[in-house]
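Under this note's numbering, the sequence shown has 384 at position 392, and the numbering climbs by one with no breaks.
Worksheet: the structure to be examined is printed underneath.
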Amino acid sequence: MEKIRLDYNNMMTESIGERDGVPAAAFTSYAKAIKAAQQKVVENRGKGWQEWTELPFMDKAEVLKIIEAGKQIKKSCEYFVVFGIGGSALGPLAAATALLHLHHNELKRSKRRAPKLYVEDNVDPERMAALLDVIVPEKTVFNIVTKSGETSETLSQLLIVLDILKKTLGKDAKEHIVVTTTIGKGTLYSIAKAEGYKIFGVGKGVGGRFSVLSAVGLLPMAAVGIDIKAVLRGAAAMSKDCFKKDIKQNPGLAAAFLQFYSMKNGKNISVMMPYADSLKYMADFYCQIWGESLGKAVDNSGSPVYAGQTPAKALGVTDQHSQIQLYTEGPFDKVITFIGVENFRSEVAIPQIKGMEAVDFLQKQSLNKLINAERQATEFALTKAKRPNFTIILPVINGETVGQLLALMMYQTAYAGALLDVDTYNQPGVEEGKKATFAMLGRKGYEDKMKEIKGAFRSADYIINKL
């Protein structure tokens, strides 16, 4: 198996100086905290909200069950739609985008050999209307995904398509819906049991943003023909590396500590910048897991800390022409993580054309060489400007390396949460918004919350062009 690499030379003082770099001695001075973080994560493998750590080592029978369901979906439909939000959508979207043809949905079926895939993670009414314009519901399997079974956005999407399916297919509507949720708990599970939908479970200790290696991500991958065994092999290999005690051999712990030290040094923004369009949504996946897991008002003892690091996403080469100016010459408040690919799946040569001497330096080159030269040039420019950056290198993009990358991001997050001493797995800020939404839509039991909301509404005194 080809392994991804973590190059953090440009985080160190030797490269960017003492003010913004991490001194080699920091690994020694923080040795006790590093050891405690490693022990906390590893010793709690498979326990509580760390049930996700066992997903790469899933029972073979469970994997085969998902593969078989994926095969049946491939045969039975022309469109496969995932309704979910947050981790229920970003994980499958990131993995599928990385591993499918970049124009998968536009390919002819004979070449695509799988359903068209749509991951719908918002309730913008125009987006739903647009989806219904391009799919045929009777030829579609809808995967309804919510860990809690109570997500308003996802339940509303279910009601919309269920109404359409029942009107056109009657009792056969249930054959077009597959549910992924916590078994035995939540509104969605109750509906699924009553309606007779096929149900895939999410472990009670697997939070949504850590669920990509469960049926949440694996079923959509299998439905479009991705080799989920390869993804799990890669994730398992990375997990074993991330169990190691030596931080110099543990990429998840090393990446977490570098960010932790940088946060202590005023670097409160973390930019994820892949140099591959197929990895574009890996930055979105990172933004959710990093922001929602680490942004906490209190630490584990209940003391105020207001911890976290604001994640931002960029895409190389595109955002060299928009964001890099800020990163190179703006405030010293960022760490940039690049994702590079050594060997792309396609080779595109740049031809030589006579009479074009002004672009001789490009002729007889390739887009492959160009994109990697651009990434390395950006790393150089940032390092010269004393801006901390490190690079994750994928030898190739395949199921195994994508599995490694997903696992690395999850372990980096878990170790960072342990170093910051916050609850990595709760989301009280999100829950408050959910409760307010229930109240504003008139859900029973939320009357007191609605009274609170009405008392907090803004004054009309500070609205421009008010009605």
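Beta carbons are placed, not taken as given, at the ideal position from N, Cα and C, and that holds for glycine.
Model, not experiment: these values are computed from the prediction.
What are the partner residues of T173, as DSSP defines its beta bridges? DSSP, once it has assigned bridges, lists G193 as partnering T173.
Roughly how many angstroms separate the alpha carbons of I261 and T302, rounded to a whole number? Answer to the nearest angstrom: the Cα atoms are 5 Å apart.
Select from G83, K108, T89 and I58 the residue whose C-alpha is nearest the C-alpha of E70. Of the candidates G83, K108, T89 and I58, the one whose C-alpha sits nearest the C-alpha of E70 is K108.
Alpha-carbon to alpha-carbon, P266 and L386: When the Cα atoms are used, L386 and P266 turn out to be separated by approximately 11 Å.
Between the alpha carbons of A81 and G197, how many angstroms are there, rounded? If you take the alpha carbons of A81 and G197, they lie about 18 Å apart.
Does the beta-carbon distance from N114 to V73 come in below 9 Å? Not in contact: N114 and V73 (Cβ atoms no closer than 9 Å).
Judging by CA-CA distance, which residue of K190, I328, A247 and S254 is the nearest neighbour of K57? Distances from the alpha-carbon of K57 to those of K190, I328, A247 and S254 put K190 closest.
Three-state secondary structure (DSSP) of L400: Residue state, collapsed to three classes: helix.
Does DSSP put L109 in a helix, in a strand, or in coil? DSSP places L109 in the strand class (E or B) of the three-state scheme.
In three-state DSSP terms, what is I384? Looking at I384 - three-state DSSP - the assignment turns out to be strand.
Cβ-Cβ distance between V480 and L91 below 9 Å: Absent from the structure is residue 480, since the part of the chain shown begins at -7 and ends at 459.
Strictly under 9 Å for the Cβ-Cβ distance: is D113 near chain D by that measure? Absent here is chain D; the protein component of the structure consists of one chain.
Once you ignore the five residues that flank V111 on each side, which residues in its own chain have a CB closer than 7 Å to its CB? Around V111: V74, A81, P84 and L85.
DSSP on A28, reduced to helix/strand/coil? Helix, per DSSP.
Is L205 buried or exposed, if buried means 16 or more other CB atoms sit within 10 Å of its CB? Classification of L205: buried, given that the 10 Å Cβ count is 16 or more.
In this structure, how does DSSP classify R488 when only helix, strand and coil are distinguished? This structure cannot settle anything about residue 488, because the visible part of the chain is limited to -7 through 459.
Enumerate in chain order the residues of its own chain whose CB-to-CB distance from L99 is below 7 Å, with the five nearest sequence positions on each side excluded. Counting only residues of its own chain and dropping the five nearest sequence neighbours on each side, L99 has a CB closer than 7 Å to the CB of H93.
Please name the residue, chosen from S7, K131 and Q42, that lies closest to S68 on a Cα-to-Cα basis. The shortest CA-to-CA distance from S68 to any of S7, K131 and Q42 is the one to K131.
For the alpha helix (DSSP H) that E148 lies in, which residues bound it at each end? It should be noted that the sequence gives Ser, not Glu, for residue 148. Where S148 is concerned, the enclosing alpha helix (DSSP H) stretches over S144 to L161.
Extent of the continuous beta strand (DSSP E) run through Y460: Outside the displayed range of the chain (-7 to 459) lies residue 460, so it cannot be described from this structure.
Tell me which same chain residues have a C-beta within less than 6 Å of the C-beta of A18, skipping the five on either side of it? If we look at A18 and ignore the five residues flanking it on each side, its Cβ neighbours are Y253.
C-alpha distance - G244 paired with A25, whole-angstrom precision: Whole-angstrom Cα-Cα distance: 15 Å.
Any idea if S338 is buried or exposed, counting beta-carbon neighbours within 10 angstroms, 16 or more meaning buried? By the neighbour-count definition (other C-beta atoms within 10 Å, threshold 16), S338 is an exposed residue.
Determine, using beta carbons only, whether E334 and N2 come nearer to each other than 9 Å. Cβ distance not < 9 Å, so E334 and N2 don't count as in contact.
Identify whether N462 lies in helix, strand or coil by the three-state DSSP scheme. Only positions -7 to 459 of the chain appear in this structure, which leaves residue 462 out of reach.
I'd like to know whether the C-beta atoms of A248 and L374 end up nearer to each other than 9 Å. Cβ atoms of A248 and L374: not closer than 9 Å.
Could you spell out the range, first to last residue, of the beta strand (DSSP E) harbouring V133? Here the beta strand (DSSP E) through V133 covers T132 to V137.
Just list the residues that DSSP pairs L(-2) with in beta bridges. By DSSP's assignment, L(-2) forms a beta bridge with I384.
Would you mind sorting A431 into buried or exposed? The rule is 16 or more other CB atoms within 10 Å of its CB. Buried, since its Cβ has 16 or more Cβ neighbours within 10 Å.
Span of the beta strand (DSSP E) holding K326? First-last of the beta strand (DSSP E) with K326: K326 to V333.
Which class does Y71 belong to by DSSP, given the choice of helix, strand or coil? If DSSP states are grouped into helix, strand and coil, Y71 belongs with the strands.
Three-state secondary structure (DSSP) of I293: Note on residue identity: the sequence assigns Ser, not Ile, to residue 293. Coil.
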